[in-house]
Ligand code: GDP
């Protein structure tokens with residue numbers, strides 16, 4: 119399940135603008151600074167590719183990358199920018215959330231959570247939103263398929279102030295969202311520094327594509 123080719127396809131400003139066709143979308147979303155571009159780099163092993171989504175103007179877009187000519191890795195706008203004015207923040211949210219509800223070819227949302235810090239309210243709320251809304255395209259009233267990726271799991275230095283280890287932060291997060299889900303969502307521990315989790319993520323995508 120390795121990446122042999124990865125090409126940037128387009129930046130879209132709304133769901134209707136996204137690439138047409140039947141290739142499945144696997145989307146990455148997370149709070150700004152969670153390590154989304156680093157993970158994208160690590161998955162496709164091309165530094166320049168992820169830089170595309172970091173260019174001014176594109177951070178607020180839906181960026182499609184075609185992988186192995188058979189599926190899309192989709193970089194969604196980050197949320198929770200501390201510096202963004204409130205009105206702009208709401209706008210980005212609406213924009214991404216519309217994509218979750220309307221994108222017919224969306225197979226899975228990877229919600230990135232920083233495991234080097236304790237659970238954050240905004241991430242819990244985001245997971246809650248995903249659990250409470252249904253894609254308009256699924257036949258049954260189903261939750262939007264979501265897999266959690268815990269990032270920065272290499273950060274394991276014991277700190278004097280008693281900061282927790284990544285697996286403890288991940289466990290706390292899973293406990294806090296458990297009330298939203300009948301069954302816990304799948305989750306993967308990852309690091310872009312050690313490439314931990316990379317093969318597992320690609321395997322997960324391969325398995326979902328074969329359904
Ligand atoms: P984005 O804003 O979500 O795209 O986040 P970036 O990929 O730009 O990463 C934000 C910061 O976290 C940068 O300083 C990265 O070097 C750092 N970072 C990202 N991923 C990891 C990781 O897996 N481990 C560690 N230790 N740092 C990371």
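Numbering (the UniProt record's numbering), first residue to last: 119 to 329. Backbone N, C-alpha and C fix where the C-beta goes; we use that ideal spot for every residue, glycine too.
Asked, Found
"Can you pull the DSSP bridge partners for residue 148?", "230"
"Would you say the beta carbon of residue 311 is closer than 7 Å to some non-hydrogen atom of ligand 1?", "yes"
"Identify every residue that forms a DSSP beta bridge with residue 267.", "230, 306"
"Give the DSSP-derived three-state secondary structure of residue 130 in the structure shown.", "strand"
"Cβ of residue 280 within 7 Å of any heavy atom in ligand 1?", "no"
"Between residue 196 and ligand 1, is there a pair consisting of the residue's CB and a ligand heavy atom that are separated by less than 7 Å?", "yes"
"Counting only the same chain and skipping the five closest in sequence on each side, list residues whose C-beta sits under 6 Å from that of residue 261.", "249"
"Apart from the five residues just before and just after residue 267, which ones in its own chain have a Cβ nearer than 6 Å to its Cβ?", "228, 230, 306, 308"
"Taking all protein chains shown into account, decide if residue 132 is buried (16 or more other Cβ within 10 angstroms of its Cβ) or exposed.", "exposed"
"Going by C-alpha to C-alpha distance, which of 189, 244, 198, 125 sits closest to residue 215?", "244"
"Give the straight-line distance between the Cα atoms of residue 145 and residue 304, rounded to the nearest whole angstrom.", "15 Å"
"Based on the DSSP secondary-structure assignment, which residues constitute the bridge partners of residue 124?", "185"
"Could you compute how far the alpha carbon of residue 192 sits from the alpha carbon of residue 275?", "32 Å"
"Give me the Cα-Cα distance between residue 285 and residue 124, rounded to the nearest whole angstrom.", "31 Å"
"For residue 68, count neighbouring C-beta atoms within 10 Å of its own C-beta (all shown protein chains included) and say buried if the count is 16 or more, exposed if not.", "With the chain represented from 119 up to 329, any question about residue 68 goes unanswered, as that position is not in the structure."
"Just to check my reading of the structure: residue 294 and residue 242 have Cβ atoms closer than 8 Å, yes? What is that Cβ distance to the nearest angstrom?", "6 Å"
"Within the continuous alpha helix (DSSP H) that includes residue 244, where are the two ends?", "239-250"
"Out of 322, 180, 189, point me to the one whose CA is closest to residue 197's CA.", "180"
"Please state the DSSP three-state secondary structure of residue 272.", "coil"
"Taking C-alpha atoms, which residue in 223, 299, 194, 326 lies nearest to residue 213?", "194"
"Whole angstroms are fine: how far does the CA of residue 321 sit from the CA of residue 137?", "24 Å"
"Could you tell me if the beta carbon of residue 181 falls within a distance shorter than 7 Å of some heavy atom in ligand 1?", "no"
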